[in-house]
Amino acid sequence: DTCVEMGASLGNAFGMEKVLGEKSDKKIVAVIGDSTFFHSGITPLIDIVYNKGTSTVIILDNRITAMTGHQEHPGTGKTLMGEDTVTINPEDIVKACGVKHVFTVDPYNLKELKKVIKREVERKEPSVIIARRPCILLLLRKKEVWEPYYVDTEECIGCKICLQLGCPAISMKNEKAYINELFCVGCGVCAQLCPKDNTMIQRENDS
1 DTCVEMGASL
11 GNAFGMEKVL
21 GEKSDKKIVA
31 VIGDSTFFHS
41 GITPLIDIVY
51 NKGTSTVIIL
61 DNRITAMTGH
71 QEHPGTGKTL
81 MGEDTVTINP
91 EDIVKACGVK
101 HVFTVDPYNL
111 KELKKVIKRE
121 VERKEPSVII
131 ARRPCILLLL
141 RKKEVWEPYY
151 VDTEECIGCK
161 ICLQLGCPAI
171 SMKNEKAYIN
181 ELFCVGCGVC
191 AQLCPKDNTM
201 IQRENDS
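The UniProt record's numbering applies: residue 1 is where the sequence shown begins, and numbers increase by one.
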């Protein structure tokens, strides 16, 4: 695994692919955010396609420039001054760069996401997976609401698999998983990971 500076993942992935060739049995995947893709990911993607690379690219599309303070970017439909403008879709850009295999998935759907990634890393051509979900802070700003999850302690077996998510809402309490509902955003990923059904349960909307 490597972690490099903003916008370098695609170029590094292609460089590693060319240098390692058949020497490595590991698959090479580049991960980049949506705003960074518009900023500096298009040129190396063209490089991958033009020079017959086979790298898989995952664009994490959270519909905003989250890391630096929620600035708009070409994919949000707003200028930096907040004015309405054209929305440029990553799918259109990627296809225009010559990528034939483009897939948009919901990263909260772990089964589908895993299936698409497993399939595409085996492909002998470049492919792009766009994992699209709005930043949760955007939803908060729009005053959208969701119902949190809680743990049925009678069902929990204390296996700690849910802790592997690194979710700030999940911890252990009395050797059982515990969800702090103030931090839970209701994504349901923990329930998909849990090996035991009906352990992570979403609260019903009282309204």
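Don't be surprised by glycine CBs; every beta carbon is placed ideally from N, CA and C.
Query, Result
"Could you tell me the alpha carbon to alpha carbon distance between residue 75 and residue 157, rounded to whole angstroms?", "43 Å"
"What's the C-alpha gap between residue 119 and residue 107?", "16 Å"
"Leaving out the 5 sequence neighbours to the left and right, which residues in its chain are closer than 6 Å to residue 40 when beta-carbon positions are compared?", "7"
"So if DSSP puts residue 131 in a beta bridge, which residue, or which two residues, is it bridged to?", "60, 105"
"So residue 122 and residue 203 are in contact, right, with Cβ under 8 Å, and what is the actual spacing, rounded?", "40 Å between Cβ atoms; not a contact."
"Going by other Cβ atoms of all chains shown within 10 Å of its Cβ, with 16 needed for buried, is residue 56 buried or exposed?", "buried"
"Determine the DSSP secondary structure at residue 66, reduced to helix, strand or coil.", "coil"
"Comparing C-alpha positions only, which one of 198, 63, 170, 196 sits nearest to residue 185?", "170"
"Counting Cβ pairs closer than 8 Å, one from the stretch 97-113 and one from the stretch 24-41, do we hit at least three?", "no"
"Thinking just about the alpha-carbon of each residue, which of 11, 4, 86 is nearest to the one in residue 51?", "11"
"DSSP three-state call for residue 16: helix, strand or coil?", "helix"
"Taking the DSSP output, what are the residues bridged to residue 172?", "177"
"Alpha carbons only, please: which of 188, 179, 129 is nearest the one belonging to residue 33?", "129"
"Quick check on residue 78: does DSSP put it in helix, strand or coil?", "strand"
"For residue 34, which beta-bridge partners are listed by DSSP?", "Paired residue(s): none; residue 34 is not in a bridge."
"What whole-angstrom Cβ distance do residue 59 and residue 131 have, given they're in contact under 8 Å?", "7 Å"
"For the beta strand (DSSP E) containing residue 202, name the first residue and the last one.", "200-202"
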